[in-house]
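In my numbering, the protein residues as written are 5 to 238.
Every residue gets a Cβ at the ideal spot worked out from N, C-alpha and C, and that includes glycine.
Everything below concerns the one structure shown next.
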């Protein structure tokens, strides 16, 4: 009788552990939650996000970095295939390194200057990010696989140019800092995958119009995972 009770108790414990693990996995793979983390990491992309405007909000921003990085890394580790996971890790490394660089005493004022310029423009800047992310969703399923990376690169350059155009029209003095921020987020990967399709090349002009329209709901509002899905879906 004691053996039967022991078996029943152990079975209940095992089932409880399985349910707990399943719930944990489900929580880790919450797309909406990780999308919010990614938007917080880059700020531009969500019209509700704001850059720091003083040292207090800057210090709070810096304290959030580790939490946001962990949020995205956990999702990539638990929910993405290995190739996409590795690409996300590379992007997160570049984004985190750039963000942390602004958390030094010397660089904090530069990041605050971006906020003073960009915060009133967040709706307009977020529309540019949305257009870029929509393009990435379409490019992922482009039938000519050999053009997916070039289309990704060309749309990245278009996105960067569009952001800087808005900045130049409103606060030209912040141009270099915003360009430094964007390059810090994306240049490592772009330099690795884009080859002849560079920012200064005229090759994008021959293919950019082939970017597919994406009219379905977005899987992600942030551009991080859509980029990884293109790079590793060839």
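Out of curiosity, what's the CA-to-CA distance linking residue 118 and residue 187?
-> Rounded to the nearest angstrom, the two C-alpha atoms are 14 Å apart.
Inter-residue Cα distance where the pair is residue 100 and residue 87 = Taking the straight line joining both Cα atoms gives about 20 Å.
Contacting residues, own chain, Cβ-Cβ under 8 Å from residue 84 (five flanking each side not counted) | Cβ neighbours of residue 84 beyond the five flanking positions: 92, 229 and 232.
Exposed or buried, which one is residue 209 when buried takes at least 16 other CB atoms within 10 Å?
-> That one is exposed.
Inter-stretch contact at 8 Å, needing at least 3 Cβ pairs: the region 48-64 / the region 124-143 = Of all C-beta pairs linking the region 48-64 to the region 124-143, three or more are shorter than 8 Å, placing the two stretches in contact.
Status (buried if at least 16 other CB within 10 Å, exposed otherwise) for residue 195 | The residue in question, residue 195, is exposed, as its Cβ has fewer than 16 Cβ neighbours within 10 Å.
Chain-order list of residues whose beta-carbon lies under 7 Å from that of residue 27 (same chain, five-residue window excluded) | Any reading at residue 27 must be qualified, since the residue scores a pLDDT of 40, below 50, and its modelled position is unreliable; the value itself is stated next. So the list is empty, once near-sequence residues are dropped.
Between the region 167-187 and the region 218-225, are three or more C-beta pairs nearer than 8 Å?
-> Remark: fewer than three beta-carbon pairs, one from each stretch, lie closer than 8 Å, so the region 167-187 and the region 218-225 are not flagged as touching.
Neighbour-count burial assignment, residue 58, 16 or more Cβ in a 10 Å radius | With fewer than 16 Cβ atoms within 10 Å of its Cβ, residue 58 is classed as exposed.
Hey, quick one: how far does the alpha helix (DSSP H) through residue 59 stretch, first residue to last?
-> Looking at the DSSP string, the run of the alpha helix (DSSP H) that includes residue 59 is 59-83.
Considering only the beta carbon of each residue, do residue 76 and residue 41 sit closer than 9 Å?
-> Yes. Within cutoff.
May I have the straight-line CA-CA distance separating residue 182 from residue 165, to the nearest angstrom?
-> Taking the straight line from one Cα to the other gives about 11 Å.
Residues near residue 136 in its chain [Cβ-Cβ closer than 7 Å; skip 5 each side] | If we look at residue 136 and ignore the five residues flanking it on each side, its Cβ neighbours are 159, 163 and 227.
What number of angstroms, rounded off, separates the C-alpha of residue 39 from the C-alpha of residue 176?
-> Distance between the alpha carbons of residue 39 and residue 176 is about 30 Å.
Candidates 123, 69, 44 and 215: which alpha carbon is nearest residue 178's?
-> For residue 178, the nearest C-alpha among the options comes from 123.
Residue nearest to residue 237 in terms of C-alpha spacing, selected from 109, 65, 148 and 79 = For residue 237, the closest of 109, 65, 148 and 79 by C-alpha to C-alpha distance is 148.
Whose C-beta lies closer than 6 Å to the C-beta of residue 138 among residues of the same chain, with five residues either side of it excluded?
-> Close CB contacts of residue 138 within its chain, under the 6 Å cut and outside five residues either way in sequence, are with 218 (chain order).
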